[in-house]
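In full-length UniProt numbering, the protein residues as written are 1 to 256.
Every residue, glycine too, gets a C-beta built ideally from N, C-alpha and C.
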């Protein structure tokens, strides 16, 4: 049986200078064959398309062999939008097998020094990176319970690791981004422990430094495709796979 996967993808948000906007579109990807029968690069294509949803991008998905991809409007900070998206998925598919929480904002363009950051910056990041993730997850858990192998994958960052940030010589102490992503990691742990008895696999994965609009296409990072390929095995984790893990860009366990 094919898996039904919900993955937020990049969509333009005219009200924000951030590049992983919370307001946009998600895609539901029901592959036509079993995941193990498809090449990972083919199956993971929805994760690769990090660009605004336009008629052109729709055609690109179809050209890449993803004719079964469907699109759902979803603003993770808007309860009504999240509820409507869940209803849309329920009507279209009847269940959800995998939820990939990928929406987020970095606020890297504004001051995030711990001694001078504006609280409004933290609140804005928290609305998307933490509250939005929690709100979206809770809304889709009933649909995930209808799956015989429910998976929740929270896309994280190296900077969400308190252990990593506490090391000697650590840099990029971006208070709003790091704090809110660390909070999401803490939620991941709680959720994984709570849902383990019900067969859920809940993990966080940091793809590592990846060049996207979120970091102004910083030099030296992985391509979006390479970052997506780090996530793929954890979106397709099997019933006997691990849960409550934080995984780094090399596929190894990372310190929370």
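(1) Quick one, which of 104, 149 and 5 has its alpha-carbon nearest residue 93's?
(2) What number of angstroms, rounded off, separates the C-alpha of residue 119 from the C-alpha of residue 130?
(3) Please return the same chain residues whose Cβ sits closer than 6 Å to the Cβ of residue 150, not counting the five positions on each side in sequence.
(4) Give the C-beta separation of residue 134 and residue 121 to the nearest angstrom, bearing in mind that I take them to be a contact with Cβ-Cβ under 8 Å.
(5) Per DSSP, what are the beta-bridge partners of residue 153 in this structure?
(6) Kindly indicate which three-state DSSP category residue 70 falls into: helix, strand or coil?
(7) So, residue 112 versus residue 177, is the Cβ gap smaller than 8 Å?
(8) If I measure Cβ to Cβ from residue 139 and keep anything under 7 Å in the same chain, skipping five residues before and after, which residues do I get?
(9) Given a threshold of 16 other Cβ atoms within 10 Å of its Cβ, counted over all protein chains shown, does residue 206 qualify as buried or as exposed?
(10) Residue 246 by DSSP, collapsed to three states: which one?
(11) Please classify residue 198 as buried or exposed, where buried requires at least 16 neighbouring CB atoms within 10 angstroms.
(12) Which of the three DSSP states is assigned to residue 4 in this structure?
(13) What three-state label does DSSP hand residue 253 in the structure shown?
(14) With H, G and I counted as helix, E and B as strand and the rest as coil, what does DSSP make of residue 198?
(15) Taking its Cβ as the centre, do 16 or more other Cβ atoms sit within 10 Å of residue 104, making it buried, or is it exposed?
(16) Report yes if the C-beta distance between residue 127 and residue 77 is below 8 Å; otherwise report no.
(17) Straight-line CA distance for residue 250 to residue 208?
(18) Would you tell me roughly how many angstroms separate the C-alpha atoms of residue 234 and residue 114, rounded to the nearest one?
Reading from the atomic positions:
(1) What you label residue 93 is simply residue 93 of the chain shown in a count that begins at 1. Nearest Cα to residue 93 within the set 104, 149 and 5: 5.
(2) Sequence index remark: in the chain shown, residue 119 carries index 119 (1-based). Sequence index remark: in the chain shown, residue 130 carries index 130 (1-based). Approximately 15 Å between the Cα atoms of the pair.
(3) The sequence position of residue 150 within the chain shown is 150, counting from 1. Taken in chain order, the residues that qualify are 144 and 200.
(4) Looking up residue 134 in the chain shown gives position 134. Looking up residue 121 in the chain shown gives position 121. The beta-carbon separation of residue 134 and residue 121, rounded to 20 Å, does not stay under the 8 Å limit for a contact.
(5) Translated into the one-based positions of the chain shown, residue 153 becomes position 153. According to DSSP, residue 153 bridges with 100 and 203.
(6) Along the chain shown, one-based indexing puts residue 70 at 70. Residue state for residue 70 is assigned as strand, using DSSP reduced to three classes.
(7) The residue you call residue 112 lines up with position 112 of the chain shown. The residue you call residue 177 lines up with position 177 of the chain shown. Contact flag set, yes.
(8) Against the chain shown, residue 139 aligns to sequence position 139. These residues qualify, in order along the chain: 82, 83 and 86.
(9) Start at 1 with the first residue of the chain shown, and residue 206 comes out as number 206. The residue in question, residue 206, is buried, as its Cβ has 16 or more Cβ neighbours within 10 Å.
(10) The residue given as residue 246 occupies position 246 in the chain shown. Residue 246 falls in the strand class under three-state DSSP.
(11) Looking up residue 198 in the chain shown gives position 198. By the neighbour-count rule (16 or more Cβ atoms within 10 Å), residue 198 is not buried but exposed.
(12) The residue given as residue 4 occupies position 4 in the chain shown. It is coil, neither helix nor strand.
(13) Start at 1 with the first residue of the chain shown, and residue 253 comes out as number 253. Residue 253 sits in a strand when the DSSP states are folded into three classes.
(14) Taking the chain shown and counting its residues from 1, the one referred to as residue 198 is at position 198. Assignment of residue 198 by DSSP, reduced to helix, strand and coil, places it in the helix class.
(15) Taking the first residue of the chain shown as position 1, residue 104 is located at position 104. In the assembly as shown, residue 104 is a buried residue. Its beta-carbon has 16 or more other beta-carbons within 10 Å.
(16) Along the chain shown, one-based indexing puts residue 127 at 127. Along the chain shown, one-based indexing puts residue 77 at 77. Yes, they are a contact pair.
(17) Reading the chain shown from its first residue, position 250 is the one you call residue 250. Reading the chain shown from its first residue, position 208 is the one you call residue 208. In this structure, the straight-line span from the alpha carbon of residue 250 to that of residue 208 is close to 8 Å.
(18) Looking up residue 234 in the chain shown gives position 234. Looking up residue 114 in the chain shown gives position 114. For residue 234 and residue 114, the gap between their C-alpha atoms comes out near 33 Å.
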